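Take the sequence shown: its position 71, counting from 1, is numbered 71 in this note's numbering, and each next residue is one higher.
Note that CB positions come from ideal geometry on N, CA and C, so glycine has one too.
Since the structure is predicted, the reported quantities are computational estimates derived from the model, not experimental observations.
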Amino acid sequence: MMQLLVVVTNRIEKVETLFKELLDIGIRGATVIDTQGMARVLHDDLDKIPLFGSLKMLINDQYPFNKTIFVVLEDSQVQPAIGAVKKVLEDLSKPNAGILFTVPVNYVEGLFLRSPDVDSKSKTF
């Protein structure tokens with residue numbers, strides 16, 4: 001089985017360090033994109049929305065975008081990758097540290113899998 005590890009952080013200065021940590025544990029591929037959370041998108045209208053009005057003061061204007069990182073991993077790579085994320089981003093329970101989660105991957109195509117017993121073009125799980 002494979003997993004998709006998703007990491008979202010506004011600590012963009014940490015992304016390069018995270019990629020180096022992933023390389024150090026043998027993870028050779030990841031995709032990173034600029035993203036925005038709902039509160040950021042609604043920033044200008046937050047005063048008009050009762051529940052979100054108090055969130056406006058929590059938004060860090062220094063970083064208008066987050067970085068969302070996607071990594072497809074073999075099951076055996078998941079815990080080491082999570083360890084690397086926690087090492088770089090530190091305590092994810094702290095505000096603005098980021099979030100991470102995994103989802104099962106049922107099928108992958110076009111991913112170079114380094115294991116010699118796995119077809120490197122496609123795989124169904």
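- Annotation: the continuous beta strand (DSSP E) that includes Lys-67 extends over 66–74.
- Leaving aside the five residues that flank Val-15 on each side, the residues in its chain whose CB is nearer than 8 Å to its CB run, in chain order, Thr-9, Val-32, Lys-67 and Ile-69.
- Rounded to the nearest angstrom, the gap between the Cα atoms of Ile-82 and Gly-37 is 22 Å.
- Taking the Cα of Phe-65 as reference, the smallest distance to any Cα among Thr-35, Ser-93 and Gln-79 is reached at Thr-35.
- For Leu-22, the enclosing alpha helix (DSSP H) begins and ends at 15–24.
- With a cutoff of 9 Å on beta-carbon distance, Gly-29 and Val-71 are scored as near each other.
- In the structure shown, Leu-111 falls within a coil segment according to DSSP collapsed to helix, strand and coil.
- A distance below 7 Å between beta-carbons, with the five flanking residues on each side excluded, links Ser-76 to no residue of its chain.
- Only exposed fits Met-1, as fewer than 16 other CB atoms lie within 10 angstroms of its CB.
- A direct Cα-Cα distance of roughly 13 Å separates Gly-26 from Leu-18.
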